[in-house]
Amino acid sequence: MKNKYKMIVDKYVDLIRSGELTAGTRLPTHRDLAASKRISLATATRVYAELETMGLVSGEIGRGTFVREISLPPGHGIDQHDVAAGIIDLNFNYPSLPGQGELFREALRQISGSGDIESHLRCQPHAGRLSDRQIIAGHLSRGDFEPKADNVIIVNGAQHGLTVTVMGLLRPGDVVAVDALTYSGFKVLGALYHLELIPIPVKNNGPDLEALRQICRLRHVRAIYVMPTLHNPLGWVLSHEQRKEIVNIARSNDLLIIEDAAYHYLVKTQPPAVAFFAPERTIYVTGFSKNVATGLRIGVIICPEVYRPALERAVRATTWNTPSLIVSLVCNWIQDGTVSRFETLKRRDARERQRILKETLGHMTCLSHPDSYFAWFPLPEDMRADNVVKVLMENNISVSTAEPFCISQNVPQAIRLALGSVSYENLHKALQKVRNLV
0 MKNKYKMIVD
10 KYVDLIRSGE
20 LTAGTRLPTH
30 RDLAASKRIS
40 LATATRVYAE
50 LETMGLVSGE
60 IGRGTFVREI
70 SLPPGHGIDQ
80 HDVAAGIIDL
90 NFNYPSLPGQ
100 GELFREALRQ
110 ISGSGDIESH
120 LRCQPHAGRL
130 SDRQIIAGHL
140 SRGDFEPKAD
150 NVIIVNGAQH
160 GLTVTVMGLL
170 RPGDVVAVDA
180 LTYSGFKVLG
190 ALYHLELIPI
200 PVKNNGPDLE
210 ALRQICRLRH
220 VRAIYVMPTL
230 HNPLGWVLSH
240 EQRKEIVNIA
250 RSNDLLIIED
260 AAYHYLVKTQ
270 PPAVAFFAPE
280 RTIYVTGFSK
290 NVATGLRIGV
300 IICPEVYRPA
310 LERAVRATTW
320 NTPSLIVSLV
330 CNWIQDGTVS
340 RFETLKRRDA
350 RERQRILKET
360 LGHMTCLSHP
370 DSYFAWFPLP
380 EDMRADNVVK
390 VLMENNISVS
400 TAEPFCISQN
410 VPQAIRLALG
420 SVSYENLHKA
430 LQKVRNLV
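Just so we're aligned, residue 0 is where the sequence shown starts under numbering that gives the first Met the number 0, counting upward by one.
Below you can see the structure in the form of structure tokens.
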């Protein structure tokens, strides 16, 4: 026979899935649930925790526990699914340019007709071939930031680079400080590898660094994860001073710094990378998915030599090596200037999309950077993000709530708009519907 706790959970599941408890319904407080069902407060908390794990409710500090909209199609959260025909996708960014397909075809022809084609059929060094690492190191050099080939590890995309970093350098239970709103892919890694992610509050267009100091005083923090250039989802670019202060805190508390630079190419003029200020403790991760093509899963780790063996072991354990055929293609494009041209064109494209955003939304509150492919849209106090996402989907527009990006329990009522995957016409059309709804 089921215990009482399980019976209560099952009853709520039935009520929510049948529609008797509709999206947005506020459930009893933990104390009221305990009293009405004659269970302990700890058991009531366990009931809501299981319902939240199942994705049926969400708890908000100071507001209560609410029924979530479960009829939303997959994809409004952290998991990626195929977007149905006719849907305007403002959920994920797949920035591409006209003519890339033909360039890809020609690049494959060139590779097939030159050099030792059979070499691509053999396994490669875990970190990648030296000649490829030299080319990539040169491409990523800017100003005084000049990574060496011996510090480069080629991986299968920036997400794989983050995965390799977590696998190789962190352990289950390690405490990692992250922005309270952060890249959803790192949040997923934290859960998979049982890291404790501690949220750093946001202050003045960046992380609250005094709060970070306090976190380090109270907890044994192992690492900090930062996105100093074009933070996803908030779009900030940290100043020279903010970057140096992060380094000071990291050195004072012996923190590993994980620097995510996936969107750095969009900002033409920016302060030096955090890795420049603290090369001895920074793992710099970037890739060629956003600036070249999302299907070319090529990423890069720049690391101190002391960490290289552990990171190479993690590459070996996951993929052995990145396919050399695609690495050669990207390196050829670096050498002939194609990658630089793509980056220039995508900078223009991102600015045009931001112009459309500002023009369409007018004076509505929206956090973004003029060079970014996304925008953060806080909702009015009387609106819930789940309901907004549902209505937009009914209008064939897919967006994300704040939940996939949120580390703290208090999830803000906001949506993230990814601007890079649709035509200008469809972007304008979708943003008009967002404006009219909100």
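The C-beta atom is built at its ideal place from N, Cα and C for all residues, glycine as well.
Let me check you understand the geometry: is the CB of residue i closer than 7 Å to at least one non-hydrogen atom of the ligand FAD?
| i | result |
| --- | --- |
| E240 | No copy of the ligand FAD occurs in the structure displayed, which carries no ligand at all. |
Which one or two residues does DSSP pair with residue i in a beta bridge?
| i | result |
| --- | --- |
| E59 | G63 |
| R25 | F65 |
| S397 | D88 |
| S367 | A374 |
| D207 | The partner list for D207 (beta bridge, DSSP) is empty, contrary to what the question assumes. |
| V236 | T228 |
Counting only C-beta atoms, is residue i closer than 8 Å to chain B at any point?
| i | result |
| --- | --- |
| I301 | Absent here is chain B; the protein component of the structure consists of one chain. |
With a threshold of 16 other CB atoms inside 10 Å of the CB of residue i, please say whether the residue is buried or exposed.
| i | result |
| --- | --- |
| D116 | The sequence given here places Ile at residue 116; Asp does not occur at that position. So I116 counts as exposed. |
| M6 | exposed |
| P379 | exposed |
| V305 | exposed |
| K289 | buried |
| R170 | exposed |
| W319 | exposed |
| R434 | exposed |
| E105 | exposed |
| N92 | buried |
| L477 | Nothing about residue 477 can be read from this structure; the chain reaches only from 0 to 437. |
| L158 | Residue identity check: residue 158 is Gln in the sequence provided, not Leu. So Q158 ends up on the buried side. |
| N2 | exposed |
| N35 | Checking the sequence shown, residue 35 turns out to be Ser, not Asn. Flag for S35 reads exposed. |
| A249 | buried |
| L50 | buried |
| H193 | exposed |
| P308 | exposed |
| G98 | exposed |
| Q269 | buried |
Going by DSSP in three states, residue i sits in which element: helix, strand or coil?
| i | result |
| --- | --- |
| Y224 | strand |
| I38 | coil |
| A179 | coil |
| I300 | strand |
| V187 | helix |
| D259 | strand |
| E195 | strand |
| V46 | helix |
| V174 | strand |
| Q79 | Because the pLDDT of Q79 is 48, which lies under 50, any placement of that residue in the model is unreliable, and the question is left without a value. |
| V437 | coil |
| V201 | strand |
| Y93 | coil |
| D31 | helix |
| M6 | helix |
| H427 | helix |
| P308 | helix |
| T318 | coil |
| K267 | coil |
| E51 | helix |
| E19 | coil |
Where residue i and residue j are concerned, what is the direct C-alpha to C-alpha distance, given to the nearest angstrom?
| i | j | result |
| --- | --- | --- |
| E244 | N409 | 27 Å |
| H362 | E311 | 49 Å |
| P369 | P232 | 13 Å |
| I197 | C405 | 11 Å |
| A176 | P146 | 26 Å |
| L295 | F103 | 10 Å |
| L40 | N252 | 38 Å |
| C122 | I86 | 41 Å |
| G142 | T281 | 18 Å |
| F341 | L20 | 50 Å |
| Q133 | R415 | 37 Å |
| L161 | R315 | 15 Å |
| I355 | F185 | 30 Å |
| N204 | M166 | 31 Å |
| P278 | I223 | 15 Å |
| T438 | R67 | One cannot answer for residue 438 here, as it falls past the ends of the chain, which runs 0 to 437. |
| P303 | D149 | 9 Å |
| D178 | G112 | 48 Å |
| P72 | M226 | In this prediction, P72 has a pLDDT of 44, which is less than 50 and means its spatial position is unreliable; what the coordinates show is noted afterwards. Cα to Cα, P72 sits roughly 29 Å from M226. |
| I297 | I135 | 11 Å |
| H239 | H263 | 15 Å |
| V388 | I153 | 37 Å |
| I38 | T52 | 20 Å |
| S420 | T321 | 26 Å |
| K428 | G156 | 32 Å |
(Q) In chain order, what are the residue ranges of uninterrupted beta strand (DSSP E) at least 3 long that sit wholly in the stretch 269-295? (A) Here the runs fully enclosed are 281-286.
**Q.** Runs of beta strand (DSSP E) wholly within the stretch 374-422 (minimum 3 residues, chain order)
**A.** If we require 3 residues or more, the beta strand (DSSP E) runs fully inside the stretch 374-422 come out as 413-417.
Q: Mind listing, in chain order, the continuous alpha helix (DSSP H) runs of no fewer than 4 residues lying wholly within the stretch 110-165?
A: Every alpha helix (DSSP H) stretch that sits fully inside the stretch 110-165 and reaches 4 residues is listed by chain position as 129-139.
Q: Note down, one range per segment and in chain order, each alpha helix (DSSP H) of at least 4 residues found wholly within the stretch 330-362.
A: Fully enclosed alpha helix (DSSP H) runs of 4 or longer: 337-360.
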